[in-house]
Amino acid sequence: MARISKLSRSIKDKVALVTGAASGMGRATAHLFADEGAKVAVSDLDADAVEAVVSDIRGAGGTAVGFVLDVSRLEEIERVVSEVAAEFGGLDILVNNAGISRPAPVEGENFEVEWEHTIAVNLTAHARLIRASLPHLEKDGTGRVINIASTEGVGAQPFVSAYTASKHGVVGLTRAMAVELGKRGVTFNCVCPGPIHTGMTAPIPDAAKEKFARRRVPLKRYGEPEEVAHATLNFALPASSFMNGAVLLVDGGLSIQNN
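For the sequence shown, the numbering used here begins at 2 and goes up steadily by one.
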């Protein structure tokens, strides 16, 4: 077996595109990758927030460029991937993090609209980004794709069927790409976060969060975005070259609880 060098545990000078990078787990991932020496393409729908993240990374001595991206639009995906590759001379790592979650009861009057938009953002966009990025990722046979799903991708909750279906789809997409494209040297892995302190969970009252964590999470707390970012980094490392099609739960043990 080849010896794993120190360099293979580093992403220094790798080019990483992180979607949904203006806040929460995406922002934490962009910062961590930049801290580790990667050149980071920060993409999100919110232009001001993108610029703030880029400014923070540069202020800390990192390398980052911002790209405004609506992942539900194919033409924008193709444009941004092309611009990232042109800006940095390639693309080594794709982190598909952008996602939304809104209640959409199957009998609700807005179900059709919410279903289509949620699937477009949470699942179809991931596939399109992979497709657009593949020519760059496979150039040296070491590309990395990390898809961010959710514990909903391996379980289910009521009233969020579109979100749950989309996240199950992300897990399935990851595995399908791993077997379809592994021969090209690109690895595909998936991170499934559980309850994390992000903008998505911010509307939940603190007391409700604490009660849920005490009852359902063995670690008795919500996770932090940085903890998800470190799990994502692990899949991006050159040393993780034999990890392909893996689904990693980052949920404090939530998924092994029965109630």
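Each residue gets a CB set at the ideal place from its N, CA and C atoms; glycine is no exception.
Owing to the predicted nature of the structure, the values given are computational and were not obtained by experimental measurement.
*So the alpha helix (DSSP H) V172 belongs to, where does it begin and stop?*
If you look at V172, you'll find it in the alpha helix (DSSP H) that goes 162-182.
*Mark A179 as exposed unless 16 or more other C-beta atoms lie within 10 angstroms of its C-beta, in which case mark it buried.*
With 16 or more Cβ atoms within 10 Å of its Cβ, A179 is classed as buried.
_Tell me the DSSP secondary structure of L130 in three-state form._
helix
*Quick one: is L255 buried, meaning 16 or more other Cβ sit within 10 Å of its Cβ, or exposed?*
By the neighbour-count rule (16 or more Cβ atoms within 10 Å), L255 is buried.
*Using three-state DSSP, classify M2 as helix, strand or coil.*
A caution first: M2 carries a pLDDT of 44, below 50, which makes its placement in the model unreliable, though a value can still be read off. Three-state result, M2: coil.
*Euclidean distance between Cα positions of M2 and H231*: For M2, the predicted structure reports a pLDDT of 44, less than 50, and the residue's modelled location is therefore unreliable. The matter cannot be settled from this model.
*Measure the alpha-carbon distance for G25 versus L46 and round it to whole angstroms.*
Each residue's Cα considered, the two are about 14 Å apart.
*Assuming T30 and A22 form a contact by the criterion Cβ under 8 Å, report the distance between their Cβ atoms to the nearest whole angstrom.*
That belief holds up - the Cβ atoms of T30 and A22 are roughly 7 Å apart, short of 8 Å.
*Could you spell out the range, first to last residue, of the beta strand (DSSP E) harbouring I147?*
Counting along the chain, the beta strand (DSSP E) containing I147 begins and ends at 145-149.
*asked:* Quick check: the Cα distance between V218 and V81, rounded to an integer number of angstroms?
replied: Rounded to the nearest angstrom, the gap between the Cα atoms of V218 and V81 is 38 Å.
*Roughly how many whole angstroms lie between the Cα atoms of D93 and D49?*
Their Cα atoms are separated by approximately 26 Å.
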